[in-house]
Each structure stands twice: as structure tokens, then as C-alpha cells.
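*Asks:*
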């Protein structure tokens, strides 16, 4: 069930049978010469939508702008500051738990989001912790590439040149889901350099075309399909397990 | 051109020929017994995408969560506080103007967003104003129903029972664009009550099924199509005019 | 009854008979070559004080600094950022509702304040809405020129050249109430230009003497008196109606 | 010269001859059974206006709401949180220094404001200090009772029962300036108790009628007049000295 | 009892017999040519530890970074903005009162901290005051040099050249406690100049070697020892008195 | 060189030869029945001080309070909210880089700090990234247990029962450095349970004595000594390498 295509009575009915929801979350940021700017929010959205085709899960709208300050030297990147991102995630969580959701899984598509999302969880939990009361809900961060089996498949598909940004696995997923938006380019070097990630201008100096350690030329829609199918299946299982997880009284 | 389906070099090329961008912005909130929760962000997205089919415009990802505190008593509503919303809009604007965009038009789909969006504009402009320097860019808020001709068409289509929330015009738009997500219900009363809008529980007490002054039963996909086509055409013209607007030196 | 000239026991007694209060709110900002910097907070204060002469209403101290970032290029303008303004309005509201006031009417004298005041209302309401509890109070924004009959009178007095800033109506009001502070100047052009309002330096480039669309030369103390008398009467009626407005339980 | 009764060209002319401005700042809070709620912002306003009658000084609008959380258990008190107060003072300072003012003297009427005003000064200075650049302006806090000679006169007028809140000196000043608003009551005990000041309910428990250590019954308009005349004279001298104070280059 | 060297069950046991805790708080900032950067947090820590040797008191970890924006032009100074400092003090207080502490004494070592600490107290108290509920705890700021008898001793030890920053008394304390870190220098002039304290670059222009009004050359470890012994004794008595202070119900 | 025991001229001299500084950072929080509340800030401080004995490095004061909301149900825990922690880390960084430091290594002792520290880095970098200018400095987070070789040694020393909180390795370090503060207790069960970490009351329900997955009974001062010696050596090498790391121009 897709929340944005449902009515409030339909969501109310869903809550009557399940207190769990998945929020695709990512970033709109440069992904090298051929990766879509939307890659990091499209991937979790694609996986969640695929999972929803066969499982009775509720998918929230996609949180499409994340923490991407280090990509701001490339056109099209939109970033929230960590403090803004944390505040916004907090408002999402307070909105959803106010409706009775007790398990919120953020399916993340951007490594640069991880720290801020975890900080946001602690910021929200702190309301309960300082007040010495139970929060009454549990939050979980799950990167799609960490879903059971997915990392293994990606390593098998791309034994070298997977890299850390504009990876062939994420580009393969968008190639499969959005075939009309497939781009191509000559990569020089074939595998991009690696190194630390700091602020935007230093990033662009280190990584002139935006890629970090990756060779996106290895991506194919077929590999993308395999990743999505497996990830969707794993996601449904994760949501099931999360739903069943007991919360100490 | 859709930003999220483009690469950074493509956006860089666009900026070389135009400094204008449109950001669809809305809200994910209850829309009565038959309106989709995503209605307010889907409508501007639908209109912007329709405009993009024939005009050389750049459409940013949709800002899909807005200021909807008054709808929080209905399941599925997700709201930012005004302060969070203002901070987030500010980060979007700073990201985009950093890339060289000089005209940003927010195509809005939610009346409850208007005050916070305008406050956000002033918050961002204030950086320049306090520092006694030129901002170098212009921001514009445009509600889709205020696009030239659109309000007139809606009044013609729905001479009574248009109302203020869960209106037949916005529901018609989603019916046309997302026919598989069309819902139906018996409305009692046919036209919902009207009155002031304050906080969430009072809102629900006044407007038990979520509608305000509207009879969404009048919506049809055909009326939606007419609204979208006209709005898309007007949007393209607005963007043209905005692009040409001189900024005093 | 003027709050600042009353003691706390007197206010306590007032609350025993009425839960309604009016807060004059405005801005200290340039008003062209002849308008007083205090015009926008003086006008609602003058109207509220006039109303208080005959009606049993409680007038709070005047909130005299508002959101005027666009006027900062003219000497004497003092502005809060929207975020500061919203925080301050929130503290006023929490102070007053803490004493038992249930209806707070902000009588506003500055168009540039509107968005931030409404955003502030939502920010305060959101505390209740996120927590799924009733706020227990109602907030109302009322621009003095929107009081019943006042706009009509102003249009009648100034059929042309009323404009949007440094209007003859607001200047007439201060001429009547503060005759010793009446200023005169040659206006060139007689009616100032109109256009969009953005940041401070652009504003000054567009509107060199600070006026927007107005010819303040039409102002007279007599017209000001008529406006104040009518506005005061309308305000008292608005406060009565607001007091009686039922709040859903 | 009163800023709110001046035009922007008049202020511009003032700045051409002086870069110094005085801002009366106080609080709207309970002042015992007979003190006006506005006492703390009226006193510095009265003194500044008296000084302005004979000296060429510029008086800003009065900052009338301060930090009075400890008085919130008494009706009519309006308080900003320290964080809000600091932000607002910062915006005032940035507005004024943007116009070219280099010396801003805050003439304070409320002891509870002192810490927040000083913290606000440091918050604003910190912008320059972190950036290793000169601020280019100087800020000064001056409590009216600390103006040269004023404390001595008050101690002479009220050798006992002056106290710390709702003092006979401040009440005498409002009696002189606002004779129609003079109140009377039986004080029991004649001199109120003294002690620490913390949060609002504890404050009311310790100080049931709102006074702290004072016997306002000793106030007379004549004593108020003497205080105002002396304070006004001292203020003009302080402003002169502050204007002349060299700022290291 | 030192909190950081205790276990949580030990602290729990302490709370069972006392609800009072002392928090040493200071600053890490330049202290002239011979003063240690840590002087202002070391002094209260040294005094608290000395007091703890003979009294059953609980000493929290030292809050070692305070508000020192005016010292930022000298290497090694680390400063929080007032707003950050206030937020952090608030989190400390909420953490400690959440464990049941009812009396928190901040033993301060830096004059520049005073305003922000007091503002922080009001910020925390305001939560209770706006909500019209009792805080249930009391906060006290105590500068070590204001402990009973200590100021007198310092004036006796250093009748001239004590000054306001990098004072011989604070340097004497660190000389006694940390003899291996004793520094020496030629002071020119012997007694540093005095004057106002504003932002960092102006500070350095006025006070080229960092001292304000002081002659630290008079410091000796013996004088430091006498100050510490007396201050420790006074602190223990202050904590006793604070513990016994009744809080109105 | 320890910053807090140095003078500003000494730090200035250090900066002339090195632009690198290490900041020990941790948390004051429960560490089970025998772990010291200060464990997480003492460990990095102990390691940094050990490294400083033989290497020419500069050690900043210890940032001793971190993000420990999940431990707040145990007495003695003091926590900052993530938002406060991020703001404070930002002020430390801005202070230090203002003095010319170009490489700041945070030596961290608390897993719960990681997300907030990384978010803080991005928050600070974002100032440069949004403004499209180079930051001019590099920030590095290094957990002491991730220093080269240290994790391996700990796994060798504690092949089972190392766990995630109140680990034998961290307790061994404090046993060695602070032998007088060594505590003992009977652990039941010997190895504490493991699981997710969320808010404070849930944490205490899952982990009744505060340990997570650990058997601190295996700690000995000798093991602690070995860990410290190795970690100190690795830290000095990390600082060397970080100092030499080229920053793209």
C-alpha cells in the first residue's frame, strides 16, 4: 500500500492490522557523468515499491533530499544541513508515531545520510529519555545495500570497481526501473579514484567527474533487476521481523 | 527536463541556457474520504511534468512534505513544523542558487504552505538584507490554482461545492493522472461545512471527514485533464515571464 | 483597559469576565519621505486605544518590531528575521494563554508581517497537534485595513494612489493622532512605482524614496480620524464576535 | 529625536552627525499590587524621552518585552525565553549597525534582563570574533538605576524598603509620568520579604503579592520627578561619553 | 565523591542521602603570558576536589569550555557561543535533575560565563514557568572568588594589581596545584591596562598580552594554597546551606 | 604538549611548527556495575596523554560530555542532545581553525557519539560548501578501539565477552590509569545480553545492570596497560600521517 495513493480511512485501516511503516529516504545529488541526480532516493523507492507489489506493507512518501553537502560543487545537488535534516526527520517521526505507528524503518539510499539519520533517531528518543518515559516506538535505519544478501550479490556482480559513490549497483537499479533515462559516457579513468570525503570543493578537486572508486560502466538493467528483486524480498522479511520484535514493557 | 532523471553535466548545460527552475511543493495530508494523501504534492508535480513535455523547463524533485499541522488528527498526514519547513526551504534555495539559478518558482499545491513559504523567502533574503548586499536571485511562490485562467476554469467547472480543502478540482487532477488510484465514497453532507482552521483536534471536530466546504463528488478525470492542460500552459508562460523579469542592478 | 497601565490584580479581574485580548502588532520601518518610521505599529496602537475608550476590552503592549527585511536599506528600519519573529510571537502567546486568555487577536499594521504571524500561529498550534491534545485557545490575525468597512472607506478616500506601502490611509492616521509629527515633502513622481518586493537593496533600487504605489500627499488628519473611528468601532465588534465564537469540545 | 516619529531621511541626517543611539529596554511584568505591568519598560522610556527634550540624542522604539519567566505566575506578565530574547536583541543590533550606528546603549529597566542582554552582546560579537574580524561597533548595557547619581538619590529617598522588585523608585517614576494610572493598596506586610528568585510558581509562593523586599507605599510623584530629571541628565552625559570613546583600530 | 570515578550504583546511593551536586565550570582561554589556558576550569576543579577530600559531597565532571568569544584572538582559546553554552548547560541540568538531584551548584571560574549561565538557568526554569508547574529543583551560580572570605583574602594578598583577567589569585591557585606547569615572563607594563571588554580583535588591541588590569607576578603557590583551602571550606559550607534551603511547596 | 597547561604564546609557537591537534572526546555515562561513569572520556584522555609523553603533539582539553541519551535511566549519566552536541563541536572546530589549526583529530571513546560527531563535521563543512569556498581544514574522527592494532589486541585479550558497552578493554584501561578507582562486583549473568539500543527506559529494561554483551570481569590493569601503550603509539602515527595528508588546492 502506497501512502500517498491512499486515503486517510485506508491508512487508518492499515494501522488496525499493522503498526509498521517503511520510509524510503535518500538524496538528490550528482552521481558522476552517467548517474541520475535522483539515484539515491530512486533506489530505495524502487525497492520499496517492488516489495509492496507482493507484501502487505505500507510505503510512505519518499524523503528525497538528504545530507549531501560534499556534492554541492556539482550542479543539481540539493542538500539539507545536518541540523535541518535532523529536524525534518524528527517531524516525520512525530507525525507517524502520532498516528499509532510503532515501528518505522527508514530504507536509506545514501551513505552520507547515515550519521544524520542516526543522530535524528537519538534526538527524538531523547525527548522520552530526558523525561524518563517510554517512547513507545522503535526506529530502524536500513541501507538497501545492507539488506540480507544484497551486498553479496553486488560484490559478485561487480568484483572490482564497485566503489563508494556512483556505484554500478545503484546505477543498474535505475537503469532497470527507468530505462528511458539511461545515460552513457566515456569514463576516464575507468575506475575513479578513492579517498576521504570532506567538503564540496575539496571533493570536486579529488573526484573531478563526481565518481568515487567506481566504474559505473559495468551496470546493466539485468543486474539492476536482480538487485531489486532480491532487495525487495529482503525488505519484506526485514519488515516482518521488525514488526514482530518485542519491545520491553 | 526533470532534474532527478538528469546528470550533473546535463544540469550544467541547462544552466548555461537558463537560470530558471520550478520546484513543485505540496503536502502529504488527509484529503477527505476519497482524496489521496499525496494530492497536494501530486498536483503541482503533475502540472509541472505536463508543462515539461513541451517546454524547455527544468523541474526539481518535488518537495512533498509541507506544513499540515492542522491535519494531524487524520491518519497518514505528515507535517513539518513551520520552523523546520522554513529551514528546509532555505537549504533548497541555497543549494540551487549556489549552482547559479537566479529565478526559483515554487509551484505550490497546499494553501497551508503559503505563509511558511513566504516566511522562508524572507528568511533567506534577510541574509542579504542584513548584510547590505544583493541576493542576486529572485524567488516566486505560485499556487497552481492561481495560475492565469485556472481559477476561472475551476469556478466554471464547480460553481458550488468547490470549497477550501479536498476540492473537486485537485481531486479531478489526481483522477486524471492516476486513474488506478481513484476512490469513491458517499459524502454526508454532500458539501462539507466551512469555518476557521486552527489546530488538529479542533479541525477534526469541525470537519469530521476531513473535507472543508467541498463536494469532491463532482470531480471527473476529464475536468482534471482540462485543469492540468491549462495549468501546464500557464506555468510555462509564467516561467518565461519570470525568466525575462529584469532585476535592478 | 490597557495592560501596561494596569496591575496584575486588575488583569486577573479582567480575565474573570473575559478571556479575550487584543495585541497591536506592527513594524518600525521606513515609510517614504514623509511617513513616520513607527507608522505600522502606531496605527494598530492608535486604533486599539480608540476602541478601548468606549469598549471593555484589554489591550496588550504593542509588538513594535516585525518582519521588515525588505526595508533594511533605509535608515531607521529595525527588523526581526522571520524565525526570530515566530519565536517571539510564540512566547507572547504562551505567556498570555498561560494566564487563561483563550482568544488572542493580533491587530496588525504591516503587510510584511502576515506570513510570519500565520506561520507563528501554526508553530504554536503544532505543539498541540503533534501531541494530539486540544490547544484550548484560538488565535486570530486581523489587519486593521481589513476590519469591516475600513478598506471601503480608504478606497473611497483615495480612489487612486493608495498603493501598497506608505499609503495615504496609514499616514493620515498618524497625522490625526500625532499632529506634531506631521511631515511634508515634494513627491516625485506623485504616485510611486509598483512591483514585486524582495530583498532590501533591490527594493531600494525599485523604490528610491521608499514608497510603493502610493501618493501620501492625499493624507489629511480628517481622513485619518474617519478611518480610526470606523476601525475602532469595527475592532470592538470583531472582538465581541471572536469572544463569542464557540470552540468545538 | 524619537526614531518612531521620524522619517528615514531624518534618521539618515542624524547618522551624518552622530553614530550613537539609545534603546529603552524593559519588561512587561507584574509589579505587586500597585505597580503597573509596564513599569520596567516605561521607566527607561520616560527617562530617555526626558533626556531627548534637551539633548540631541536619538531614541529608538522601546523594546518592551524582556525576560520575565519568574513572574509568569501573575496575570499580565509577558516573557520571552532567554534564547528568544537573545535572538531578538541580535536582530535589533544587526539592523541598527547596518545603518551605520557604532554605539548602541541599551537603557534597561529590568534586572531580570541583564544576563540575557549581556549574553546577546556576546552572541553578536562572536560573529566577528570567530571570523577574526572587527565588529566595528560597541554595545553598552546601562540600567537606569545605575546611571551616575541615581542609585544614591534612590537610597536617600528610600533608606529602607527599597527592595529588589516593585521598588518605590520605579513606581514613583510612573506615578510622576502617568499620574492618571496611579494605584493604591494596603501592603501586608509593609515591606515585602526577600530571598532568591527562581521559577514562577516558587516565586509566587515566596512573594505572594509579587513584591520583593520593597515598600512601594513610599513612592510619590515628586520623588519620581527628581529621579527622572537626574537620570535624564546622567543619560545624556553617558551618551556623550560613549560617543567619544575611542575604539582601537 | 567524584562522579566520573564512581559507578552508577554508587551515585544512586549518594542520591539516597543527598540531592545536591556541584559542577565545576569554567573556560579554556588565554590568561596572559604566564597563565595556563585551562586556568578558569582548573581553579573550580581544584577547589571542588579539595573540598571533596573532607566533605561528603558529589563533584560532577568539569564543564571546561565556556563563553570566551572575547579571547578568541589569542591562540588556544576555545569558546562556545552563548546560545550553544545555554543549550549545553540546559542538557546537563536536565540530565542531573532527571536522576533526582534537586540542588545544583555551578562553581564558576570565569567572569565571562556569568551572564550565559544565568540565562541558561532562566531558559531551563522557563519550561516550568510557561507550563505553570513547579520545577522541583534549584540552581545556584557561585563564582569561586565570591565564596565567603575568598575575595577578602585575595584583596589582602594582592592589594593592587589584582585586576580582572589573568589575576594573581587564579594563577596562584594553578601554581600550587600544578607546580610543574608554572610559567614565568617579564610583564610590561607590570600592571596591565583596564577598560571595557567587547569582541576579540578589539580586546587584543586594548590588552596586547592578554592580561586585564593584573600583575600575575605577585602569584605564589603559597598564596594559592591559602586561597584553595579557604575556598574549599567555604564551598562545603555553601553546599550544606544550599542543601538545607527549603523550597516552597 | 597539553593545551590546558600551556600559555597562549606556547600554543602560538606550536602552531608555527604544526597545524595538527587531537581532541579527546567521550561521554560521562553508566558503565555497568563496575565501570566508571567517566570511562568513555577517560580512555581517550589517557591514551592521548600517554602519546604526548613521547611525541610532539598538542592535546586539547577533553570534551567530556557526549551523546548518551540511551543511558539516562542510570544515575550519573549526563547527555547532550545530538543538536546541542553538534552545535558545541562546531564551536570547538571554529575556535581551533580560527587559530590556524588545519587538521583536527577527534579521538573518541564512545560509540554513541559517532553519528553526532560525523553530523557535526558535515554541519561545519556545509558553511564552506554552500558558500562554494574551501574550508581550509580537515576533520577526522578516530575511535580509540579502531586505532591500528588496537582492535586486534582487544579481541586477543578478550576472545569472548568483549561486548559493546562496559567492555573489558575500556575498563582495563581505567584500571591501569586510575588504580585507586578500581571497582568489583559479581556479574549476573557473567556475559550481559545483547540487542538493539534505543531510548533510555527500554535500554534499562533490556540491560538491567547497564552492560551490553560484555564481561568486564576479564579486565586487568595489565591488559589495560598493553592497550594504552599500543593505542598511544598508533595515535602518534595517525597524527603524523594526518599532518602529512595533502589537501587538494
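Protein chains in written order, with our numbering: chain A, 3 to 251; chain B, 3 to 251; chain C, 3 to 251; chain D, 3 to 251; chain E, 3 to 251; chain F, 3 to 251. Backbone N, C-alpha and C fix where the C-beta goes; we use that ideal spot for every residue, glycine too.
Using the Cβ count rule (16 or more neighbours within 10 Å means buried), how would you classify residue 81/A?
*Replies:* buried
*Asks:* Give the list of continuous beta strand (DSSP E) stretches no shorter than 3 residues that lie fully inside the region 17-64 of chain F.
*Replies:* 22-27
*Asks:* Spell out the partners DSSP gives residue 145/F in its beta bridges.
*Replies:* Residue 145/F pairs with 110/F.
*Asks:* Quick test of your reading: residue 147/F and residue 230/F, contact by CB under 8 angstroms. State the CB separation rounded to the nearest angstrom.
*Replies:* Not confirmed; about 12 angstroms, so no contact.
*Asks:* Does DSSP put residue 249/F in a helix, in a strand, or in coil?
*Replies:* coil
*Asks:* Quick check: what's the CA-CA separation for residue 21/E versus residue 66/F?
*Replies:* C-alpha of residue 21/E to C-alpha of residue 66/F: approximately 23 angstroms in a straight line.
*Asks:* Can you say whether residue 162/A is buried or exposed, counting buried as having 16 or more other CB atoms within 10 angstroms of its CB?
*Replies:* exposed
*Asks:* Pull up the distance between the alpha-carbon of residue 107/F and that of residue 14/C, whole angstroms please.
*Replies:* 58 angstroms
*Asks:* Buried or exposed: residue 182/E, going by 16 or more other Cβ atoms within 10 Å of its Cβ?
*Replies:* exposed
*Asks:* Looking only at C-alpha atoms, which of 112/A, 151/A, 93/A sits nearest to residue 127/A?
*Replies:* 93/A
*Asks:* Taking the alpha-carbon positions, what's the residue 186/D to residue 34/D distance?
*Replies:* 11 angstroms
*Asks:* Just the Cα atoms here: how many angstroms apart are residue 243/B and residue 142/B?
*Replies:* 12 angstroms
*Asks:* Between which residues of its own chain and residue 123/E is the CB-CB distance below 6 angstroms, once the five residues before and five after are set aside?
*Replies:* 141
*Asks:* Using a threshold of 8 angstroms, state whether the C-beta atoms of residue 112/F and residue 171/F are closer than that.
*Replies:* no
*Asks:* Find the residues of chain C that neighbour residue 35/D, judging by a C-beta separation of less than 9 angstroms, and give them in chain order.
*Replies:* 9, 10, 11
*Asks:* By the three-class DSSP mapping on this structure, what secondary structure does residue 105/B have?
*Replies:* strand
*Asks:* What residues in the region 46-78 of chain E bring their beta carbon closer than 8 angstroms to a beta carbon of chain D?
*Replies:* 69, 71, 72, 74, 75
*Asks:* So, with DSSP's three-state summary, where would you put residue 188/F?
*Replies:* coil
*Asks:* Which stretch, first to last residue, makes up the alpha helix (DSSP H) that contains residue 127/D?
*Replies:* 116-132
*Asks:* Hey, quick one: how far does the alpha helix (DSSP H) through residue 170/D stretch, first residue to last?
*Replies:* Note, residue 170/D: alpha helix (DSSP H), 170-179.
*Asks:* Taking C-alpha atoms, which residue in 169/A, 97/A, 212/A, 121/A lies nearest to residue 199/A?
*Replies:* 212/A
*Asks:* Could you run through the region 123-148 of chain C and flag, in chain order, every residue whose CB is less than 7 angstroms away from some CB of chain A?
*Replies:* 132, 134
*Asks:* Determine the DSSP secondary structure at residue 164/C, reduced to helix, strand or coil.
*Replies:* coil
*Asks:* Using the C-alpha atoms, what's the distance from residue 41/A back to residue 69/A?
*Replies:* Distance between the alpha carbons of residue 69/A and residue 41/A: 14 angstroms.
*Asks:* On the three-state DSSP scale, how would you describe residue 4/A?
*Replies:* strand
*Asks:* Starting from residue 89/E and walking both ways along the alpha helix (DSSP H), at which residues does that stretch end?
*Replies:* From DSSP, the alpha helix (DSSP H) with residue 89/E extends over 84-100.
*Asks:* Please give me, in chain order, every unbroken run of the alpha helix (DSSP H) with length at least 4 that falls completely inside the region 212-250 of chain E.
*Replies:* List check, alpha helix (DSSP H) in window: 223-246.
*Asks:* Distance, Cα to Cα, residue 207/B vs residue 76/B?
*Replies:* 11 angstroms
*Asks:* From the DSSP output, read off the bridge partner residues of residue 80/E.
*Replies:* 30/E
*Asks:* Run through chain A and tell me which residues come within less than 9 angstroms of residue 88/F, C-beta to C-beta.
*Replies:* 84, 85, 88, 121
*Asks:* Take the Cβ of residue 63/F as the centre, count every other Cβ of all protein chains shown within 10 Å, and call the residue buried at 16 or more, exposed below.
*Replies:* buried
*Asks:* When the Cα of residue 249/D is compared with those of 86/E, 135/E, 189/E, 203/E, which residue comes out closest?
*Replies:* Its Cα nearest to that of residue 249/D, the residue 203/E stands out among 86/E, 135/E, 189/E, 203/E.
*Asks:* Span of the alpha helix (DSSP H) holding residue 206/D?
*Replies:* For residue 206/D, the enclosing alpha helix (DSSP H) begins and ends at 202-208.
*Asks:* Hey, quick one: how far does the alpha helix (DSSP H) through residue 153/E stretch, first residue to last?
*Replies:* 152-159
*Asks:* Per DSSP, what kind of secondary structure is residue 70/C in: helix, strand or coil?
*Replies:* coil
*Asks:* Please tell me whether residue 180/D has its Cβ less than 8 angstroms away from any Cβ of chain C.
*Replies:* Yes, because at least one Cβ of chain C sits closer than 8 angstroms to the Cβ of residue 180/D.
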